[in-house]
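K.L.:
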Amino acid sequence: MIAQFTSPRLLRSLLPAFSLTVILLAIFYLQPRAMSYFGLNLLLNLALPIAFATLAQMCVITVNDLDLGIGAFVGFVACVGVTWLNDQPLVGILILAACIVAYGAMGALIHVRNLPSIVVTLGMSFVWLGLALLVLPTPGGKAPAIVTWVMKFKTPLVPMTIYASIAIALIVHVALKRSAYGAVLRGVGGNPQSVERASWSLIRAKITMYAMAGFFGVLSGISLIGLTSAADANIALRYTLLSIAGVILGGGEFVGGRISPIGAVLGAITLTLAGSFLSFLRISPDWQIGAQGAILIIVLALRALINRSEARKPA
Amino acid sequence: MNDMSKPIVKLSSVEKSFGAVRALDGVDLDILPGECLGLVGHNGAGKSTLMNILAGIQKPSAGFMDFGGDGDGGGGGERSSATAANYDVSEARRQGIRCVFQELSLCPNLTVAENARIQHASIKGWNWRGRASELILAQLDQIFPNHGISADELVGDLSIAKRQMVEIARAFSIVDQNIRLVILDEPTSSLDALVAEELMVHVRRFVDSGGSCVLISHLLEEVLETSDRILVMRDGGVVDSRPAAEFSRQSLVEAMGSVAKDEAVHGRDFNSKRQQGTPYLSIDPSGAQRGIAMNAHKGEIVGLAGLSGHGQTDTLVNIYNKRRRYGIDMAFVAGDRQSDGIFPLWTIGQNISIGSIRNLLRFGLLDLEQEAKLAEQWRQKIAIRTPNVNDNILSLSGGNQQKALFARALGSPADTILMDDPMRGVDIGTKQEVYEMIRAEAEAGRTFIWYTTEMDELKHCDHVYVFRNGAIVADLTRGELTEQKVLHASFEEAS
Amino acid sequence: MTQAALSKLTAKPWLWAFVGAFCVWIATILFTGGQGAGEILSAALAFGTFSVIVGIGQMYVITLGPGNVDLSIPATMTFSGVVAMKVIDSSDSLVLVGLLIALSCGAAVGVFNYGLIRLLRIPPIIATLSSSFLVQSSAIAYGRGLKIKPPPLLADFTTAKVLGIPLLAICVMVLAALMSLVLHRTVYGKSVLAIGQNPQAAMLAGVRVDFIRFATYVLSAVLAGLCGYVLSGFSGGASLNMGAEYLLASIAVVVIGGTSVAGGYSNLPGLWGASLFMFLLVTMLNTFGLSAGVRLILTGAIIVGVIVLAGGRRGTMNT
Chain V
1 MIAQFTSPRL LRSLLPAFSL TVILLAIFYL QPRAMSYFGL NLLLNLALPI AFATLAQMCV
61 ITVNDLDLGI GAFVGFVACV GVTWLNDQPL VGILILAACI VAYGAMGALI HVRNLPSIVV
121 TLGMSFVWLG LALLVLPTPG GKAPAIVTWV MKFKTPLVPM TIYASIAIAL IVHVALKRSA
181 YGAVLRGVGG NPQSVERASW SLIRAKITMY AMAGFFGVLS GISLIGLTSA ADANIALRYT
241 LLSIAGVILG GGEFVGGRIS PIGAVLGAIT LTLAGSFLSF LRISPDWQIG AQGAILIIVL
301 ALRALINRSE ARKPA
Chain X
316 MNDMSKPIVK LSSVEKSFGA VRALDGVDLD ILPGECLGLV GHNGAGKSTL MNILAGIQKP
376 SAGFMDFGGD GDGGGGGERS SATAANYDVS EARRQGIRCV FQELSLCPNL TVAENARIQH
436 ASIKGWNWRG RASELILAQL DQIFPNHGIS ADELVGDLSI AKRQMVEIAR AFSIVDQNIR
496 LVILDEPTSS LDALVAEELM VHVRRFVDSG GSCVLISHLL EEVLETSDRI LVMRDGGVVD
556 SRPAAEFSRQ SLVEAMGSVA KDEAVHGRDF NSKRQQGTPY LSIDPSGAQR GIAMNAHKGE
616 IVGLAGLSGH GQTDTLVNIY NKRRRYGIDM AFVAGDRQSD GIFPLWTIGQ NISIGSIRNL
676 LRFGLLDLEQ EAKLAEQWRQ KIAIRTPNVN DNILSLSGGN QQKALFARAL GSPADTILMD
736 DPMRGVDIGT KQEVYEMIRA EAEAGRTFIW YTTEMDELKH CDHVYVFRNG AIVADLTRGE
796 LTEQKVLHAS FEEAS
Chain P
811 MTQAALSKLT AKPWLWAFVG AFCVWIATIL FTGGQGAGEI LSAALAFGTF SVIVGIGQMY
871 VITLGPGNVD LSIPATMTFS GVVAMKVIDS SDSLVLVGLL IALSCGAAVG VFNYGLIRLL
931 RIPPIIATLS SSFLVQSSAI AYGRGLKIKP PPLLADFTTA KVLGIPLLAI CVMVLAALMS
991 LVLHRTVYGK SVLAIGQNPQ AAMLAGVRVD FIRFATYVLS AVLAGLCGYV LSGFSGGASL
1051 NMGAEYLLAS IAVVVIGGTS VAGGYSNLPG LWGASLFMFL LVTMLNTFGL SAGVRLILTG
1111 AIIVGVIVLA GGRRGTMNT
């Protein structure tokens, strides 16, 4: 019985929640006033866009690829959001739909030509950045009123971000971890040959995952402008690195299709909080990204320890 | 439902070549409904190739395949007689053919139930997970009553034996397509005796209810007891096919052996080098004193035998990785050229010189003249058939690529050469040349540790160690070596 | 005959970068009517130099094979530049000390990177990514955002010209030639190429795979340190975002320069060709009066285009 509770699998899956709890408790200890509606709202302000970007990255990582262009893509979506989507909503929606199609096509290209995803997505990051500059040459624009209204909506008890995070985590969890086709999609990351031998189409799976990544990228950009009201092309460049860190923090493995949507959302929130934590510690904001890196390394070290103990006693 | 006398699978004159190598040389095979067919043969007999063709993974180079029965495909009773050309994995599934392969084909990141779902596209919609769990658990319960596996465990967290059990249960599970034939390739390799017995009981049950099985195993007793008929393969062809009752362990081993009897072996004079003092390399590959230790003396040719995949390659790689600890300069000749040997972007010369690069330096820089000289010297010495050693390595035929790998090792200063079944897919002429060279080098004082799957090559060795399940189970001197002894040691006795 | 075609193909890819650079340059001076042809070239050499320095390190890392890439280059550049500038504090007499400091900072990051890769058994991408977070933060915290002027000697050296050719570019051409020699003629270089083609075969051919990988990650970080130092001298001090554009640039020049992202095949001349091409392309688009957006889109499209073409070639070779 006890062995079950200390099983590596359980420990691994609890690690993201554990990291979040530790950092949250530390924040509340340092700054009890953060334990309020207003405090939480402030702390979690940018959590939602980061969570969406992390989910986008997670979709790509599920099929053993990596997206180094997601930050630029989110920035482009944000720029479209404060221009076309506001001025001519129909055109704006068409552009965003085309973005998702483009992401799916990128997945198909990477699969068919067997290309390194890192280089392709890196190249695409130039393209997204360029498009963003074309759409919005100087910072500014205006987010559609409805988006701002949704993002700033005051929900009862706890801030909207918390409800939304729980909802998207559960939806993606059901889609990828509970649905019948989700098992196939994750299987592609685990053992593509076996999935193919069972007569599933690998390219269809890749397109699906990349298109989903594009979809979450769009959600990330839109939710971001709902908070900032304006945008610029560089607004989300750091999301590329943050999203990768979030997936890994959330218990996702780099290869092998082992991912966790709930963990990814928790990971994204943990990273968001890390910044606030430092400011409560009166550590200069200079160390903010350093702290994110340190958290990433610590969690990876913990996971390496768990894996090593697992290797020592074979089941 | 099925006409019990009409074969469900009929292969005639199936051939398969990989480059110059003929893996299958006109095989005829009938599998009747309600029959368990045992398939035995030594390394390279063509068993795996034949099963891969049957499973639709590889396409035959020539021959006919007929699935005369009514394919139970997608509810339609269409008369399907798949030809070799359009036969693939999905067609095999439509024909009701399932396989359990040695390399596990489960997704380690998914649960047991999810893996069952991957196999069965029709398990979907509401409560698919429940139905998948029920399906795989019912099958597990039926085959392995005490399996102790739960459907929501991750496959990656299971032990190898349990993974194999899931794999087997998954192959036998039925949703909407009927199963007519299950291919079991070494299904018991990681199961203990009790569980293996349960599987064999299930195979009989399945066969008695009208299904068919092909059983490949290195446990001859298993094959003898479970099969109705046994097919013996050798050198890409079927050499014997009779009811299992007519075989004994002894006669099976004899049938697998080559017709040419063991002469020549003792012909050459043999002076054991073992009289002179201590071995200069001595290891126990099993690491737990389960088996016999392997010794190598200076100037010896030591052979490693046994069925492939029983620890010979691992042992060689282990020895090689510890070369600095042993203080012995070693070189390695890979057998799997593509994955262990060749540098595909380099020239023939560069592929040769990498083995002795430290001896080709002048002022810390690679001396291109010396490099060219070395390559040219070995091109002539080992007769690599190329006009120019500056051509890309892939311009060579497989046999000549292998010669380049030999040149890499022999041209290096190493005094011990490890060989990992290096003659796979090499033509007979090349082989003879290389054998000569190995003998000459051994005379000159080099030591060879030579894993080979070919019986003929063992005759060049001074000492032969037979491997089974990662340990050495027999130690034969050249004088004692016979094919029968090696076969007997390779195939496990019933415990 | 296939082998002849193959060797021709593998011998050539770096040429295309130069051809491209030349075409773009011609197009630019045709547009300007021949005006400023020399200046443009000189500027391309000056600015291209920095991409080449980090490109060399990145190329060695990428040559190690799939999954190997150094994402910590920008952070290492910034960190080394900031630390060196602050320590030598514009003093001419400490120029060499500063260089040593910058190189040591790089080496330290490289050792840390490989330590993460080995100890945590994580892919190089994640290791270099997470260490870059820490390194970048250290640079910010240490530098406090102050831009300290480089010593005049360093500034002069990095901006000096000989016969119109930037002195630094000449030095880096020598460095590139040297590293090319290292790649093709030393045990280390041959080992890198061998690992990139087939790590298993390399191990069985006696290559010390672990040590070579370690050395390569350190080399990449040391070169990033060097680049951070000279760039600080060139651009009047170390700024906190000075490395930012070099993540993309270092990978882009490697890919466009004809190095195989599948590993095991690389060439140094291509780095120069690609660096010049990238700079001249930007110059051309600026001359044509196109916006920064179009410039970026074209840059990205070229990287993707090159990889689609090059990736396919290696793919057919594998099968």
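Protein chains in written order, with the working numbering: chain V, 1 to 315; chain X, 316 to 810; chain P, 811 to 1129.
For each residue, glycine too, the CB sits at the ideal point set by N, CA and C.
(1) Is the shortest distance between the beta-carbon of Ile-298 (chain V) and the beta-carbons of chain X less than 9 Å?
(2) Can you name, in chain order, every residue of its own chain whose Cβ lies under 7 Å from the Cβ of Ile-95 (chain V), other than the five neighbours on each side?
(3) Under DSSP, the alpha helix (DSSP H) around Val-522 (chain X) begins and ends at which residues?
(4) Mapping the DSSP letters down to three states, classify Lys-325 (chain X) as helix, strand or coil.
(5) Would a check of beta-carbon distances place Asp-655 (chain X) closer than 9 Å to chain P?
(6) Please report the straight-line C-alpha distance between Met-1088 (chain P) and Arg-995 (chain P), rounded to a whole angstrom.
(7) Going by DSSP, what residue range makes up the beta strand (DSSP E) through Ser-597 (chain X)?
(8) Alpha carbon to alpha carbon, how far is Tyr-163 (chain V) from Lys-152 (chain V)? Give it in angstroms, no decimals.
(9) Within 9 Å of any Cβ in chain X, is that where the Cβ of Leu-305 (chain V) sits?
(10) Taking DSSP's pairing of strands, which residues face Leu-129 (chain V) in a bridge?
(11) Which runs of the alpha helix (DSSP H) at least 4 residues long sit entirely within the region 1006-1091 of chain P? Give them in chain order.
(12) Using the C-alpha atoms, what's the distance from His-612 (chain X) back to Leu-733 (chain X)?
(13) If we cut at 9 Å on Cβ distances, does Trp-693 (chain X) have a partner in chain P?
(14) Let's test the definition: count the other Cβ atoms within 10 Å of the Cβ of Arg-544 (chain X) and tell me whether it reaches 16, buried, or not, exposed.
(15) May I ask you to report which of helix, strand or coil DSSP gives Lys-800 (chain X)?
(16) Under 7 Å between beta-carbons, which chain V residues line up against Lys-439 (chain X)? List them in chain order, please.
(17) With burial defined as no fewer than 16 other Cβ atoms inside 10 Å of the residue's Cβ, what is the status of Lys-1000 (chain P): buried or exposed?
(18) Need the endpoints of the beta strand (DSSP E) that Phe-860 (chain P) sits in, please.
(19) CB Val-481 (chain X) to CB Ile-464 (chain X), shorter than 9 Å?
(20) So, under 8 Å CB-CB, Val-871 (chain P) and Tyr-1027 (chain P) are touching, yes? Tell me the CB distance rounded to an integer number of Å.
(21) Under 9 Å, Cβ to Cβ, is there at least one residue of chain P near Gly-263 (chain V)?
(22) Return helix, strand or coil for Ile-146 (chain V), following the three-state DSSP convention.
(23) Just to confirm the assignment, what range does the alpha helix (DSSP H) spanning Ala-268 (chain V) have?
(24) Going along chain X, which residues have a C-beta under 8 Å from Val-195 (chain V)?
(25) Relative to the C-alpha of Leu-302 (chain V), which residue among P:Lys-896, P:Leu-926 and P:Ser-1030 is closest?
(26) Beta-carbon within less than 6 Å of Asn-1128 (chain P)'s beta-carbon, same chain only, minus the 5 sequence neighbours each way: which residues are those?
(27) Could you give the residue range of the alpha helix (DSSP H) that holds Gly-378 (chain X)?
(28) Using 9 Å as the threshold, is the C-beta distance between Ile-259 (chain V) and Met-58 (chain V) below it?
(29) Around the C-beta of Val-112 (chain V), are 16 or more other C-beta atoms found within 10 angstroms, so that it is buried, or is it exposed?
(30) What residue from V:Ser-199, V:Met-35, V:Trp-287 and V:Leu-43 has the CA that sits closest to Arg-408 (chain X)'s CA?
(31) Roughly how many angstroms separate the alpha carbons of Ser-903 (chain P) and Phe-832 (chain P), rounded to a whole number?
(32) Would you give the residue range spanned by the beta strand (DSSP E) that Pro-558 (chain X) belongs to?
(33) On the DSSP letters alone, give me the boundaries of the beta strand (DSSP E) that Met-35 (chain V) sits inside.
(34) How about Val-997 (chain P): is its C-beta nearer than 9 Å to some C-beta of chain X?
(35) In terms of residue numbering, what span does the beta strand (DSSP E) encompassing Val-529 (chain X) cover?
(36) Are at least three pairs of beta-carbons, each pair with one atom in the region 524-537 of chain X and one in the region 428-443 of chain X, less than 8 Å apart?
P.N.:
Reading off the structure:
(1) At least 9 Å separates the CB of Ile-298 (chain V) from every CB of chain X.
(2) Counting only Cβ-Cβ distances below 7 Å, and skipping sequence neighbours, we find Val-80 and Trp-84.
(3) 508-523
(4) strand
(5) With 9 Å as the cut-off, Asp-655 (chain X) counts as an interface residue toward chain P.
(6) Whole-angstrom Cα-Cα distance: 29 Å.
(7) 596-598
(8) 13 Å
(9) no
(10) DSSP output for Leu-129 (chain V) lists no bridge partner at all.
(11) 1009-1014, 1019-1044 and 1056-1066
(12) 14 Å
(13) no
(14) buried
(15) helix
(16) Ala-180
(17) buried
(18) It is not in any beta strand (DSSP E) - Phe-860 (chain P) instead sits in the alpha helix (DSSP H) that spans 847-873.
(19) yes
(20) 7 Å
(21) no
(22) helix
(23) 261-280
(24) Cys-422 and Ile-433
(25) P:Leu-926
(26) Residue placement at Asn-1128 (chain P) cannot be trusted, given a pLDDT of 32 that sits under 50; the coordinates are not used to answer.
(27) The continuous stretches of alpha helix (DSSP H) do not include Gly-378 (chain X), which lies in the beta strand (DSSP E) extending over residues 377-381.
(28) For Ile-259 (chain V) and Met-58 (chain V), yes; Cβs fall inside 9 Å.
(29) Val-112 (chain V) comes out exposed.
(30) V:Ser-199
(31) 41 Å
(32) 552-558
(33) Run containing Met-35 (chain V): none; DSSP gives neither H nor E here.
(34) It does; some Cβ of chain X falls within 9 Å.
(35) Where Val-529 (chain X) is concerned, the enclosing beta strand (DSSP E) stretches over 527-531.
(36) no
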